[in-house]
Structures are given as C-alpha cells and as structure tokens.
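Colleague:
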Amino acid sequence: MSGTIRGADVPRIVYLSVIPMLRKLLLIIIITGFSVTSMARGTYQEPEDFLSETFAGEPPEPAVIWLTGERKDTVKQILGHRYTSLRVRYWQEAERSVWILDEIGKDQPITVGVVVNAGRMENIKVLVFRESRGWEIRHSFFTDQFKQASLEADHQLDKQIDGISGATMSVRAMKKLATLALYLDAEIRKQNVPPAP
Amino acid sequence: MELTTFSSIGLAAALLANIGLAGAAMPSPEEMWEIIQQQQREIEALKQGQKENTEKAEAAVEVAEESKNASSGSASWAENTQIGGYGELHYNNLDSKKEIDFHRFVLFFGHQFTDRLRMFSELELEHSVSGDDQNGELELEQAYIEYDITQNQHVKGGVFLLPVGILNQTHEPPTFYGVERNPVETNIIPSTWWAGGIEFTGEVFSETVPGFSYAVSVHEGLDTNAGNNYAVRKGRQKTSEADANDLASTAQIKWTGIPGVELAATIQYQQDVTQGNDPTAGDAWLYETHADIQRGAFGLRALYAMWDLDGSGPKAIGADEQTGFYIEPSYRITPEWGVFARYNQWDNQAGSNGNDTEKKQYNAGVNYWPHPDVVLKADAQQQDNEGTSKNDNGFNLGIGYQF
Chain Z
-19 MSGTIRGADV PRIVYLSVIP MLRKLLLIII ITGFSVTSMA RGTYQEPEDF LSETFAGEPP
41 EPAVIWLTGE RKDTVKQILG HRYTSLRVRY WQEAERSVWI LDEIGKDQPI TVGVVVNAGR
101 MENIKVLVFR ESRGWEIRHS FFTDQFKQAS LEADHQLDKQ IDGISGATMS VRAMKKLATL
161 ALYLDAEIRK QNVPPAP
Chain D
3 MELTTFSSIG LAAALLANIG LAGAAMPSPE EMWEIIQQQQ REIEALKQGQ KENTEKAEAA
63 VEVAEESKNA SSGSASWAEN TQIGGYGELH YNNLDSKKEI DFHRFVLFFG HQFTDRLRMF
123 SELELEHSVS GDDQNGELEL EQAYIEYDIT QNQHVKGGVF LLPVGILNQT HEPPTFYGVE
183 RNPVETNIIP STWWAGGIEF TGEVFSETVP GFSYAVSVHE GLDTNAGNNY AVRKGRQKTS
243 EADANDLAST AQIKWTGIPG VELAATIQYQ QDVTQGNDPT AGDAWLYETH ADIQRGAFGL
303 RALYAMWDLD GSGPKAIGAD EQTGFYIEPS YRITPEWGVF ARYNQWDNQA GSNGNDTEKK
363 QYNAGVNYWP HPDVVLKADA QQQDNEGTSK NDNGFNLGIG YQF
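Chains as they are written, first to last, in our numbering: chain Z, -19 to 177; chain D, 3 to 405.
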C-alpha cells in the first residue's frame, strides 16, 4: 500500500476519517478559546491593578523590608535559594500587607500577588504565568486552598495544599511564595518597620 | 527614637552651657525660645540627612543589583535559556537478569525567543553507552518550537511527547512510584512515545468550567510488522527518517478542575500501522483513559488502554486487540516517605485468535525523598503470566533525581 489514493498522489492523512472529527474539535476550541482573550500567555493581571483592587482604588505608599542578617537566612531556607533582591517592597494598611513576589517554577518566573491579613492568608493570585505547564495554579480552585493559611513555628504552612498532576514545580513555587509572604508579614509586624519616606 | 534621644541630650547640654555662661542667671524666655528653635533646625537637618542617606543606600543597592543582573546575563540568550534534566540508576534482581544500569540520563534545553515563541528540547542517553554493539542509545525525544496563538491557546511543531497516559509526558523519577515504569505504559502505551508533527494545545471553557484542557496533534505514525507480532512498542519510528506514508492523529481531553485530581482520555487513529508495507494489516485505533489522584496523603493511579488493529494479519495472531490496565494506590506516610502497591495486567495478543498471552504483575514498594527532587526507590515484583511466558520475579532498587 502506498500514498496513492483514487489515482491521486496525496498523503493518506488528507482523507482520514478522523479529520472531520478533529476539524470540528478544533473549531470548537478556537471559538471558545479565542473568545476568552487575545493576549499572549503571561499577564493575567497587572500588579498595579491587583494593588488597586485590593485597596479599593487607593493603595498606600509602598514600604521596604530589607533581607539582612537572620532574616536573609530564613528567606533562603524558605525558598531553597537566596531571594533575587536585598529588599522586598510591600504595601501595608492596618493589619493587611500586600506583596508582589516572583519565583521560578520549572524554568520561568511566576509573579504572584499575596494579601496577608492579621497573619493569615487573605488572598493569593497568579498575576503573570510564563511556564508551559501548570497553568491550573492560576485558577481559584487551586489558590482557594491557601486562604486562611498561617505559618507554623518551623515556617511551614498550617494547611495541606494538594498539587496539580504534572505541575509539581509550579505548585511548589506557589507554596514557597505563600510561605515567604506570611513570614515577611510577621517580620514587619514584629519589627514595626516604618514605611519608606 | 534616636533623634528624640539626641535632641533631648542636645537640649539639656545647651541649657547647661547657657546656665554656665550666665552664672547664676537663668536665660530669658526669648533666649530659651531661640535655643529651642535652633535645636529644631538641627533636628530637621538630621532628619533630612538620614533621608538622603537612606535614598543613597537604596540607590546603591539598585545599582549593585542591576550591575549583578547585567553581568550574570551578559548575553541575552543566556537570560532566556534554561537547562534542566533528570536521571535514574537501577539495580534489578530478577529471574531474568541481575544488573546495574544507569537507565536514563536526560538533559533539557529550552530557549525563550520572545514572550510568545520558545524552543524546548530533551536529549536522552539510555543505558550509559551508545554506539555500535553497545547497549544504549542517544535519543532526541523532544525538540519543538511552540507559539502562543492567544493567552490560552498554543501550537507547537517539531518532535514532542504524545499526549497519552500518565507517564508519557511526566516521567521524572521523583514523580512516580516504582523503580521501573509500569509495564502497561511500556507495552500498551509505548512510553516514552515521541513523534514529529504539529500539535495544538490549550484550555477550553476556562471562564465557565475551569480545568479543561485539550491536545490535538498530527504526527508520524507507528511502523510495526508481522515479524514482531504487530507489537505497538516495536513500531515506534522515533522521528529517525520516519516513514510518513501514514500519519497518525491524536486527541486528548483532560480535566484537572480539583487540586490533586486529573482525569483524561485519549484517542488515536492511524490509517495503516505498517506504513503500507503489509497488505494484511489495516488501520489502528488507540483508546486510553486514566485517573491520577493525590489528595492529602492518599494517592491513586488507574489507567486503561486498548488498541484495535484492523486486518487479517493482526487478527490471525490475536494482535488485533492489545490491551492493559493497572491500578496503583499509594500513601505518603511523611513528606519524605511513601509506599505503594500496583496491580498490572496487559496482553499484546488479546484477540480471539491469540494464545494465552496475558501477563499479570504485582508490585509493592517504597519511595524515600531526601529532597523533593531526589528519590530512592525499592520495590518487589511478582508475575503470574499465562501461556508459555515465564514469570519474572524479584526486586528492584533505584536512585533518581531531577533539576
């Protein structure tokens, strides 16, 4: 048997009976997918918009916490490596603090917005996702698991977080960032770090 | 606080100095007011100095970090290039063999050309040494270009892993139980199964029912033959001058809408599974479905796969139906320790004309993760095969990693 069909030399794939099925499936996918958005993979919400949404349109002035001394070591222990900067910017109002943090999942950085309220996780949201797998972590069915989580004495989350099959690294990055935000929130409340001038 | 202390000391010193200068005479209210105003000016000057020092320190750190970033990413390609990999060493103590084998050594290379365009590749050395008369092979298992059509829709072209089963696309050693990959995803789903072609992937219904994704691909087909009993694993062409007379199409739908739960189904069609070389063979359909659940400490993997091969050739030896399934409960005792058991059953000649060729295998074992990316494994296996196929019993030890 060869590629010659009904006298015409065309690849067999052209007349495969499965093609109509695939064509229909693709049409559905393209229609549903394209109607969702026309942006490239990456930004789901700008950090500025996340801040504005969190603080009802009036975010406070940012402050900075320095990662020095014992704090630097603890951050390294939480992340498994040093943080990319010597200081972390945050926004604080009463008992709430907001953090915009980055961590690499498998090979690309994931940008996350975290809201901590009185030492407990109020909200965590994937703002920018650049990995080719693990997109599920941006959905609320995953991030809702973190709500009301706090830190135990050994800097572990006090809630069980179920992962996503095939997205181990992205899930691990989210856990690290949640832990980091809760730790830094405790630090600023403990040390009463003044806001930047 | 420091400023307050400093100003208090300064004020006291100034008062004492004035008292000393004036002898017994106290400063007048006007003089006191002048002293206070002078101290206030000094406080303001100190505050301003501290603010400037803070800004200078911030600026210095920013310059240092920018300089560090610039020097570490001296070339733009380096900033956008990623390296990873995994490997696994096995010790098999089985009836059929007693051997130590560095089964897989794998390196990943990826490069981000733009936000929307990237390359990913996987180069694998199997069994340590490749070449003529050697046990191993050097294989290019992935090498594709991927483009984001939209935020949630992507297309790739090149060599990629087919979207079927649990292990075929995710098989880094720390991610699964058992030293060796399970026999169903070896003999019925011929993992690692890669092919050259084009594939569309993405999410569907993400705004209404999040968690659904799909993959649809057209790619090189299998090329099996009567000499190997039409076994699908023997038909992989590995994109090495692959015969493309008969391409194959694969479609998968997957749901991951609950953390720790994956449900998926795959269908594949190929017009001629022998690439037209065997007139007694015909088209082939693959049906596969699986569940992969990890909720808290409890895990469960279950998979069923079946091939339906047309033609009198496969039918004559029972290879017209090739089928298998497994079920694998597991329990994570601690974050470091996990145990599992697995029942596997498969038959590459399960058709009505076949002999008794069904194979059954029981596995039970333990994984130990000293680090989330490093694993030590041990398992025992017991077979209960039908027909003339000998049982292959014993135990396996392994060490694996990923990065």
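Virtual Cβ for every residue (Gly too), placed ideally from N, Cα, C.
Can G284 of chain D and G320 of chain D be called in contact, C-beta distance under 8 Å?
Modeller: no
Colleague: Quick check on R344 of chain D: does DSSP put it in helix, strand or coil?
Modeller: strand
Colleague: Provide the residue span of the beta strand (DSSP E) that contains F109 of chain Z, from first to last.
Modeller: 100 to 109
Colleague: Could you confirm whether any beta carbon from chain D is found closer than 8 Å to the beta carbon of G146 of chain Z?
Modeller: Nearest CB-CB separation between G146 of chain Z and chain D: below the 8 Å threshold.
Colleague: Just to confirm my understanding: we take L288 of chain D, look at its own chain, exclude 5 residues before and 5 after, and list those with CB closer than 6 Å. What are they?
Modeller: Q270, W309
Colleague: Using a Cβ-Cβ cut-off of 6 Å (strictly less than) and excluding sequence neighbours within five positions of S251 of chain D, which residues of its own chain qualify?
Modeller: Excluding the 5 residues flanking it on each side, S251 of chain D has same chain C-beta neighbours closer than 6 Å at V220, Y271, in chain order.
Colleague: Run through chain Z and tell me which residues come within less than 7 Å of T177 of chain D, C-beta to C-beta.
Modeller: T148
Colleague: From the beta carbon of S112 of chain Z, is the nearest beta carbon of chain D less than 8 Å away?
Modeller: yes
Colleague: Going straight from the alpha carbon of G75 of chain D to that of R118 of chain D, what length do you get?
Modeller: Because the pLDDT at G75 of chain D is just 48, under 50, the model does not fix this residue reliably, and the value given afterwards should be weighed accordingly. Near 21 Å, if we compare the C-alpha coordinates of R118 of chain D and G75 of chain D.
Colleague: Is it buried or exposed for S150 of chain Z, if we count other Cβ within 10 angstroms and need 16 for buried?
Modeller: Classification for S150 of chain Z: buried.
Colleague: Please determine whether the Cβ atom of Q404 of chain D lies at a distance below 7 Å from any heavy atom of the ligand FMN.
Modeller: The ligand FMN is not among the ligands present in this structure, which contains no ligands whatsoever.
Colleague: Among all the DSSP beta bridges, which residues are the ones paired with W71 of chain Z?
Modeller: Z:P42, Z:V78
Colleague: Among residues of its own chain, excluding the 5 on either side of A352 of chain D, which ones have a beta-carbon nearer than 8 Å to its beta-carbon?
Modeller: G320, E323, Q324, T325, T359, E360
Colleague: By Cβ distance, which residues of its chain are closer than 8 Å to W79 of chain D, with the 5 residues on each side in sequence left out?
Modeller: Contacts found: H113.
Colleague: Among all the DSSP beta bridges, which residues are the ones paired with Y24 of chain Z?
Modeller: None, per the DSSP bridge assignment.
Colleague: Would W115 of chain Z pass as an interface residue toward chain D - the criterion being a Cβ-Cβ separation below 8 Å?
Modeller: yes
Colleague: Using three-state DSSP, classify W195 of chain D as helix, strand or coil.
Modeller: coil
Colleague: Would you check if the region 167 to 182 of chain D and the region 140 to 156 of chain D touch, i.e. whether three or more CB-CB distances between them fall below 8 Å?
Modeller: no
Colleague: Any residues in the region 261 to 277 of chain D with a beta carbon nearer than 7 Å to a beta carbon of chain Z? Which ones, in chain order?
Modeller: P261, G262, E264, Y271, Q273, D274
Colleague: Counting Cβ pairs, one atom from each stretch, are 3 or more of them under 8 Å apart for the region 259 to 266 of chain D and the region 235 to 251 of chain D?
Modeller: no
Colleague: From the DSSP output, which residues share a beta bridge with Y403 of chain D?
Modeller: D:G89, D:V376
Colleague: Going along the chain, which residues of its own chain have a beta-carbon closer than 8 Å to the beta-carbon of S18 of chain Z, five neighbours each way excluded?
Modeller: Low confidence applies here, because S18 of chain Z scores a pLDDT of 37, under 50, leaving its location unreliable; read the following figure in that light. Same-chain partners within the cutoff: there are none.
Colleague: Indicate whether at least one CB of chain D lies closer than 8 Å to the CB of F30 of chain Z.
Modeller: no
Colleague: Are there three or more Cβ pairs, one per stretch, closer than 8 Å when the region 190 to 207 of chain D is compared with the region 273 to 282 of chain D?
Modeller: no
Colleague: Determine which residues share a DSSP beta bridge with V96 of chain Z and list them.
Modeller: Z:S77, Z:M101
Colleague: Count the other CB atoms within 10 Å of the CB of W339 of chain D; is the residue buried (16 or more) or exposed (fewer)?
Modeller: Exposed is the label assigned to W339 of chain D, since fewer than 16 other Cβ atoms lie within 10 Å of its Cβ.
Colleague: Output the boundary residues of the beta strand (DSSP E) element that contains V151 of chain Z.
Modeller: Annotation: V151 of chain Z is outside any beta strand (DSSP E); the continuous alpha helix (DSSP H) that includes it extends over 148 to 171.
Colleague: Can you give me the C-alpha to C-alpha distance between N154 of chain D and L66 of chain Z, rounded to a whole angstrom?
Modeller: 34 Å
Colleague: Which of helix, strand or coil does DSSP assign to L164 of chain D?
Modeller: coil
Colleague: Where does M19 of chain Z sit, in a helix, a strand or coil, going by DSSP?
Modeller: Note that M19 of chain Z scores 40 on pLDDT, short of 50, meaning its location in the model is unreliable and no value can be drawn from it.
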